[in-house]
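Colleague: Take a look at the following structure, please.
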Amino acid sequence: MEAKDFDLQNIDISWCPGCGNFTLLRILKETFAELQIKPQDLAVISGIGQSSKTPHYFKANTFHTLHGRAIPIATAVKSINPNLTVIAEGGDGDMYGEGGNHILHAIRRNPNITNIIHNNMVYGLTKGQASPTTMLGVKTTLQVEGVILEPFNPIAVAIALNASFVARAFVGDIEQTKEILKKAISHKGYAIIDIFQQCPSFNKINTFEWFKQNTYYLDDKHDPLNRIEAFKRSIETKKLPLGIFYINEKNSFEENIGLYKDNKDPLCFRERASDKIQKFIDSKMR
Amino acid sequence: MEDISIVLCGEAGQGIETIEDILTKILKDSKYNIFAVKEYMSRVRGGSNSTEIRVFQKPIRAYVDRIDLLFALSNKSLDHLKDRISDNTIIFGDKEILGDIQKVIDIPLSKITKKIGSSVYSNTVTAGVICGMLNVSEYEFRNFITKYFEKKGEPIINKNLEAASEGFELAKKIIESGVTIKVKKSEELSRDISKDILISGKDAVALGALAGGCNFISGYPMSPATGILSFMSTYSKEFEVVAEQSEDEISAINMAIGAWYAGGRGMITTSGGGFALMEEGVSLAGMAETPVVIHIGQRPGPATGLPTRTEQGDLDLALYAGHGDFARIILSPGSIEDCFYLSKYAFSFADKYQIPVFILTDQYLLDCQYNIPSLDHKKYGIKRYVAQTKDDYKRYQFTKTGVSPRGIPGFGEGLVIQTGNEHDETGHTTENAILRKKMVEKRFNEKLNQIKNEVIYPELLGGKAYKYLLIGWGSTRNIVEESLKQLREPKLGFLYFKQLYPLPREVMGYLINAKKVIAIENNASGQFANLIKRETGFDIKNKILKYDGRPFSVEEVTTRIKDILEE
Numbered sequence: 001m002e003a004k005d006f007d008l009q010n011i012d013i014s015w016c017p018g019c020g021n022f023t024l025l026r027i028l029k030e031t032f033a034e035l036q037i038k039p040q041d042l043a044v045i046s047g048i049g050q051s052s053k054t055p056h057y058f059k060a061n062t063f064h065t066l067h068g069r070a071i072p073i074a075t076a077v078k079s080i081n082p083n084l085t086v087i088a089e090g091g092d093g094d095m096y097g098e099g100g101n102h103i104l105h106a107i108r109r110n111p112n113i114t115n116i117i118h119n120n121m122v123y124g125l126t127k128g129q130a131s132p133t134t135m136l137g138v139k140t141t142l143q144v145e146g147v148i149l150e151p152f153n154p155i156a157v158a159i160a161l162n163a164s165f166v167a168r169a170f171v172g173d174i175e176q177t178k179e180i181l182k183k184a185i186s187h188k189g190y191a192i193i194d195i196f197q198q199c200p201s202f203n204k205i206n207t208f209e210w211f212k213q214n215t216y217y218l219d220d221k222h223d224p225l226n227r228i229e230a231f232k233r234s235i236e237t238k239k240l241p242l243g244i245f246y247i248n249e250k251n252s253f254e255e256n257i258g259l260y261k262d263n264k265d266p267l268c269f270r271e272r273a274s275d276k277i278q279k280f281i282d283s284k285m286r
Numbered sequence: 001m002e003d004i005s006i007v008l009c010g011e012a013g014q015g016i017e018t019i020e021d022i023l024t025k026i027l028k029d030s031k032y033n034i035f036a037v038k039e040y041m042s043r044v045r046g047g048s049n050s051t052e053i054r055v056f057q058k059p060i061r062a063y064v065d066r067i068d069l070l071f072a073l074s075n076k077s078l079d080h081l082k083d084r085i086s087d088n089t090i091i092f093g094d095k096e097i098l099g100d101i102q103k104v105i106d107i108p109l110s111k112i113t114k115k116i117g118s119s120v121y122s123n124t125v126t127a128g129v130i131c132g133m134l135n136v137s138e139y140e141f142r143n144f145i146t147k148y149f150e151k152k153g154e155p156i157i158n159k160n161l162e163a164a165s166e167g168f169e170l171a172k173k174i175i176e177s178g179v180t181i182k183v184k185k186s187e188e189l190s191r192d193i194s195k196d197i198l199i200s201g202k203d204a205v206a207l208g209a210l211a212g213g214c215n216f217i218s219g220y221p222m223s224p225a226t227g228i229l230s231f232m233s234t235y236s237k238e239f240e241v242v243a244e245q246s247e248d249e250i251s252a253i254n255m256a257i258g259a260w261y262a263g264g265r266g267m268i269t270t271s272g273g274g275f276a277l278m279e280e281g282v283s284l285a286g287m288a289e290t291p292v293v294i295h296i297g298q299r300p301g302p303a304t305g306l307p308t309r310t311e312q313g314d315l316d317l318a319l320y321a322g323h324g325d326f327a328r329i330i331l332s333p334g335s336i337e338d339c340f341y342l343s344k345y346a347f348s349f350a351d352k353y354q355i356p357v358f359i360l361t362d363q364y365l366l367d368c369q370y371n372i373p374s375l376d377h378k379k380y381g382i383k384r385y386v387a388q389t390k391d392d393y394k395r396y397q398f399t400k401t402g403v404s405p406r407g408i409p410g411f412g413e414g415l416v417i418q419t420g421n422e423h424d425e426t427g428h429t430t431e432n433a434i435l436r437k438k439m440v441e442k443r444f445n446e447k448l449n450q451i452k453n454e455v456i457y458p459e460l461l462g463g464k465a466y467k468y469l470l471i472g473w474g475s476t477r478n479i480v481e482e483s484l485k486q487l488r489e490p491k492l493g494f495l496y497f498k499q500l501y502p503l504p505r506e507v508m509g510y511l512i513n514a515k516k517v518i519a520i521e522n523n524a525s526g527q528f529a530n531l532i533k534r535e536t537g538f539d540i541k542n543k544i545l546k547y548d549g550r551p552f553s554v555e556e557v558t559t560r561i562k563d564i565l566e567e
């Protein structure tokens, strides 16, 4: 398969020139192609925001849903049809703000989905207000004297909740981001991948260059199975680490509900024997 | 006596539910018709809760204020029920707890259970007294108790058998003292009641959903709707249904929508306050044309209101939930049978029209139980409307009916593209004005017109050639039906609506035939009467409304109907 197998014709992309989303769109197509995942077997569930429009720009089963709600929808999709590769995609406002509660509980529930968060540290669609990841002191039209809320640290939160797979990437590095994404998608269980990207229209501070200067990759010495070390790295502020912070192999939600133990058929293709209810009523209710 | 009303009253955590469970089953096995309903306070311990069990020859399935036998198990019981206790009420209780009240027939539970070893056995002693009074065979009672406590092991069984003997012994003494109760058994009836099923409203909703193919349920615990989720959780493996307690109600409805998108049949169960959080999901289902089944077990609002009590106050909420115009269906079962059949049908409806379908019940209906011959899983059939896709598949293809073939991801060569934004036929977003208009008409007008062709008709009870017509919906059904039997007014009919929206096209036909139309609703504004006015222009002036958090009783309905007829 090739990335162009995911191309859609005649699309009118609504992103600004220079947006990090363009790179991520390319990265996604190449990643799915390299993983040999057919568009028909892929379900990309997104929330609301510029990043959540991404699934409209490549071939996949798509559900562009409500602000913050991609995760519960993706969770249910995977439980009804585990044969699908399920992605929950959105931005930092969508996932960490509006959908914040769902992330916490998706980590606990551990569905086998990949949660991609476009993190440009600003609101794009609503034009430049602070997002949960905007740095302290940054001035916007709403935070006129600068952000006073402590920025949300998704990596530290995920490790604190003992998440199954925790990673961070930067769209400026296509190859590394693809490698991290491939591992996230292939990982069994909930994989969160926070992806730094520039917003040339509304974030004049955390630019492409800024991300380049202020990030570094975790090296081979980092043991992703060591939770304490992973947490230490996640709270570093001088330079922000990229790569796979933490891996915690455990049963997925679909395994834990026990409905796929003896029967691998997706629930959506199973038929309940029609007299099963009748037998139940006539025996158990008497 | 034709029927007796037994009321058990005690504190939360005292075990009234166990007594109810034992009594309803053993009495049904002894060929009595059974109706039971509970009212309880929103607390885990203390307070005063009561259960009414009606035992009767003919099948009657409604709440009455009248108490024939009262088992007052706590010192607050008599005060809690003071408005319902009459001179004819026979009161039983432990004088050590209630004090030496002359009217009370002593059942010295503390003394007896101390002898047996623990106060937990007071449940079996009380059940024994009641069964002894009602002439249930002690042999059968002992067999039942042995089976009931089978899993708890022999020592516990033996203690309960000892408690049973004490109960029967006490009943014998009470009868010897001149207090006797006789209810005709239903042996004269053509069918054997002991072979009936005994089922609650909540179990009927859950089983109906399963019969409708439900394989996904999500919810956040909230009285009185949690029972459906716990039923599904208990039988998750047996029926292959994902039953998930979600982090909040918003997650619950979005999960159910996701389940449908993937080809499952999802439902959510909640009450009004929880549903308030789900409204955006209803909008999404409307715009994305994704089916979803929403069960709302109504309780009095606004806000937390009266968490454990009953009301029919959420019709407006269901009717107007979600912004924008799109089709929906609202069902309102009023009997346990309809809880099953309509919950089942809701899934076919939702699947066929790709819309939200509401099932409105309430605390009273969910918490009541009675015996019926059985439920027929074949009735209403089960239809699936999922289409296998080709590579040129368009999720929102325009059709004559407004309904597009619904594909699911991974079933066929097509891609299933959905969005909560306005979209073109393929499912990609658009701001084209012509497309927008066509899509609104597809989702709203065209679907609604189709649905109106297969509305579930209201049932006309009582006088077919009516001059006076009562209009009701949902849980008032059985209460009004019993009231009609008492009133014996041949010119009085009762139109029980099981589908509230959309209304049948012929609804005016029913209304204009009556000289007087009376709406009966368990809410303060007459929400259904208002809906009828909105849809037909017909203004129902007479309303019997109740909004104190309690269900109507047969007596109250009878009195209030009489008052209006005599006006």
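Those protein sequences? They're chains B and Y, same order as listed. Counting from 1, one number per residue, gives the positions in the first sequence under my numbering. Counting from 1, one number per residue, gives the positions in the second sequence under my numbering. C-beta: ideal position from N, C-alpha, C; glycine also.
Below 7 Å on C-beta distance, what does Lys59/B contact in chain Y?
Modeller: For the purposes of this step, residue 59/B is identified with residue 59 of the first sequence, where counting begins at 1. Per Cβ cutoff of 7 Å: Leu415.
Colleague: Chain B beta carbons: is any one of them nearer than 7 Å to that of Gly117/Y?
Modeller: Against the second sequence, residue 117/Y aligns to sequence position 117. False, the Cβ-Cβ gap to chain B never drops below 7 Å.
Colleague: Taking 7 Å as the CB-CB limit, is His295/Y close to chain B?
Modeller: Here residue 295/Y refers to the residue found at position 295 of the second sequence. Cβ-Cβ to chain B under 7 Å: no for His295/Y.
Colleague: For Asn81/B and Leu267/B, what's the separation of their Cα atoms in angstroms?
Modeller: As a working mapping, residue 81/B is identified with position 81 in the first sequence. As a working mapping, residue 267/B is identified with position 267 in the first sequence. Inter-residue distance for Asn81/B and Leu267/B is about 6 Å (C-alpha atoms, whole angstroms).
Colleague: Does Pro302/Y have its Cβ less than 7 Å from a Cβ in chain B?
Modeller: Here residue 302/Y corresponds to residue number 302 of the second sequence, with the count starting at 1. Not one chain B Cβ lies under 7 Å of Pro302/Y.
Colleague: For the alpha helix (DSSP H) containing Ile557/Y, list its first residue and its last residue.
Modeller: Translated into the one-based positions of the second sequence, residue 557/Y becomes position 557. Checking the sequence shown, residue 557/Y turns out to be Val, not Ile. That run of the alpha helix (DSSP H) goes Val554 to Glu566.
Colleague: What did DSSP end up calling Phe6/B once you bin it into helix, strand or coil?
Modeller: Here residue 6/B refers to the residue found at position 6 when the first sequence is read from its first residue. Residue state, collapsed to three classes: helix.
Colleague: Alpha carbon to alpha carbon, what distance is there between Ile228/B and Ile107/B?
Modeller: By one-based count along the first sequence, residue 107/B stands at place 107. By one-based count along the first sequence, residue 228/B stands at place 228. Between Ile107/B and Ile228/B, the C-alpha separation is close to 18 Å.
Colleague: Tell me Asn267/Y's beta-bridge partners as DSSP assigns them.
Modeller: Along the second sequence, read from residue 1 onward, the residue named residue 267/Y stands at position 267. Sequence check: residue 267/Y is Met here, not Asn. DSSP output for Met267/Y lists Ile217/Y and Val293/Y as bridge partner(s).
Colleague: The beta strand (DSSP E) that contains Tyr216/B, what's its start and end?
Modeller: Within the first sequence, the letter at position 216 stands for residue 216/B. Looking at the DSSP string, the run of the beta strand (DSSP E) that includes Tyr216/B is Thr215 to Tyr217.
Colleague: Who are Pro356/Y's beta bridge partners in DSSP?
Modeller: As a first step, residue 356/Y must be located in the second sequence, where it is residue number 356. Answer is Val292/Y.
Colleague: According to DSSP, Gln245/Y sits in a beta bridge with which residue or residues?
Modeller: Within the second sequence, residue 245/Y is the residue found at index 245, counting from 1. The partner list for Gln245/Y (beta bridge, DSSP) reads Gly219/Y.
Colleague: Is Gln278/B close to chain Y? Criterion is C-beta to C-beta, closer than 7 Å.
Modeller: Indexing the first sequence from 1 puts residue 278/B at position 278. It does; some Cβ of chain Y falls within 7 Å.
Colleague: Secondary structure at Ala169/B, three-state DSSP: helix, strand or coil?
Modeller: Here residue 169/B is taken as the residue at index 169 of the first sequence, counted from 1. Ala169/B falls in the strand class under three-state DSSP.
Colleague: Assuming Cys268/B is part of the alpha helix (DSSP H), what are its boundary residues?
Modeller: Taking the first sequence and counting its residues from 1, one reaches residue 268/B at position 268. Counted as a single uninterrupted DSSP element, the stretch harbouring Cys268/B is not any alpha helix (DSSP H), since DSSP gives it neither H nor E.
Colleague: Taking only beta-carbon atoms, is Ile103/B less than 7 Å away from chain Y?
Modeller: Working through the first sequence from its first residue, we reach residue 103/B at position 103. Not an interface residue.
Colleague: In this structure, does DSSP put Gly489/Y in helix, strand or coil?
Modeller: Here the question's residue 489/Y lines up with position 489 in the second sequence. The sequence given here places Glu at residue 489/Y; Gly does not occur at that position. Residue state, collapsed to three classes: coil.
Colleague: Is the distance from the Cβ of Leu360/Y to the Cβ of Leu342/Y below 7 Å?
Modeller: Numbered from 1 along the second sequence, position 360 holds the residue referred to as residue 360/Y. Numbered from 1 along the second sequence, position 342 holds the residue referred to as residue 342/Y. Their beta carbons are not under 7 Å apart, which means Leu360/Y does not touch Leu342/Y by this criterion.
Colleague: Please tell me whether Phe444/Y and Ala285/Y are closer than 7 Å, where the distance is taken between their beta carbons.
Modeller: Walking along the second sequence from the start, residue 444/Y turns up at place 444. Walking along the second sequence from the start, residue 285/Y turns up at place 285. The answer is no: Cβ separation not under 7 Å.
Colleague: Note down the Cα distance separating Thr134/B from Val122/B, rounded to an integer number of angstroms.
Modeller: Your numbering for residue 134/B matches position 134 in the first sequence. Your numbering for residue 122/B matches position 122 in the first sequence. For Thr134/B and Val122/B, the distance between alpha carbons rounds to 6 Å.
Colleague: Distance check for Ile471/Y and Phe275/Y, CA to CA, integer angstroms please.
Modeller: One-based indexing of the second sequence puts residue 275/Y at position 275. One-based indexing of the second sequence puts residue 471/Y at position 471. For Phe275/Y and Ile471/Y, the distance between alpha carbons rounds to 26 Å.
Colleague: Count the other CB atoms within 10 Å of the CB of Tyr568/Y; is the residue buried (16 or more) or exposed (fewer)?
Modeller: Chain Y is shown only over 1 to 567; residue 568/Y falls outside these bounds and no answer can be derived.
Colleague: Asn153/B: which of Glu145/B, Ser46/B, Asn119/B and Phe170/B sits nearest, CA to CA?
Modeller: Counted from its first residue, the first sequence places residue 153/B at position 153. Closest by alpha carbon: Asn119/B.
Colleague: Any C-beta of chain B within less than 8 Å: which residues of the region 203 to 230 of chain Y qualify?
Modeller: Asp203, Leu207, Leu210, Ala211, Gly213, Asn215, Phe216 and Ser218
Colleague: Quick test of your reading: Leu109/Y and Cys9/Y, contact by CB under 8 Å. State the CB separation rounded to the nearest angstrom.
Modeller: Residue mapping note: residue 109/Y aligns to position 109 of the second sequence, counting from 1. Residue mapping note: residue 9/Y aligns to position 9 of the second sequence, counting from 1. The pair is not a contact, with the Cβ atoms about 14 Å apart (cut-off 8 Å).
Colleague: With a threshold of 7 Å between beta-carbons, can His323/Y be considered close to chain B, or not?
Modeller: Here residue 323/Y refers to the residue found at position 323 of the second sequence. Output row for His323/Y: interface = no.
Colleague: Express the C-alpha separation of Ala346/Y and Thr140/B in angstroms, rounding to a whole number.
Modeller: Residue 140/B sits at position 140 when you count from the first residue of the first sequence. Residue 346/Y sits at position 346 when you count from the first residue of the second sequence. Cα-Cα distance, rounded: 49 Å.
Colleague: With distance defined between alpha-carbon atoms, name the residue in His64/B, Ile13/B, Asn112/B and Leu142/B nearest to Phe202/B.
Modeller: Here residue 202/B refers to the residue found at position 202 of the first sequence. Comparing Cα positions, the closest option is Leu142/B.
Colleague: Please go through the same chain and pick out, in chain order, the residues whose beta-carbon is closer than 6 Å to the beta-carbon of Ser30/Y, but skip the five residues on each side of it.
Modeller: Position 30 of the second sequence holds residue 30/Y. Cβ neighbours of Ser30/Y beyond the five flanking positions: Val136.
Colleague: Quick one: complete beta strand (DSSP E) runs, 3+ long, within the region 10 to 85 of chain B?
Modeller: 42 to 46 and 61 to 64
Colleague: Are the C-beta of Gln418/Y and some C-beta of chain B separated by less than 7 Å?
Modeller: As a working note, residue 418/Y is residue 418 in the second sequence. At least one chain B Cβ lies under 7 Å of Gln418/Y.
Colleague: Any C-beta of chain Y sitting closer than 7 Å to the C-beta of Leu259/B?
Modeller: Numbered from 1 along the first sequence, position 259 holds the residue referred to as residue 259/B. Answer yes: the Cβ-Cβ gap between Leu259/B and chain Y drops below 7 Å somewhere.
Colleague: For chain Y, find out if any of its Cβ atoms is closer than 7 Å to the Cβ of Ala43/B; answer yes or no.
Modeller: What you label residue 43/B is simply residue 43 of the first sequence in a count that begins at 1. Yes, Ala43/B counts as interfacial toward chain Y.
Colleague: By alpha-carbon positions, which one of Lys543/Y, Asn478/Y, Cys214/Y and Glu11/Y ends up nearest to Glu238/Y?
Modeller: Stepping through the second sequence from its first residue, residue 238/Y is reached at position 238. Minimum Cα distance to Glu238/Y is reached at Cys214/Y.
Colleague: Between the Cα of Ala88/B and the Cα atoms of Glu236/B, Ala184/B, Leu242/B and Ile148/B, which residue gives the shortest distance?
Modeller: Along the first sequence, read from residue 1 onward, the residue named residue 88/B stands at position 88. The shortest C-alpha separation from Ala88/B is found at Ala184/B.
Colleague: Does chain B have any CB closer than 7 Å to the CB of Met255/Y?
Modeller: Locating residue 255/Y in the second sequence gives position 255, where the first residue counts as 1. Taking Cβ atoms only, chain B reaches closer than 7 Å to Met255/Y, which makes this a yes.
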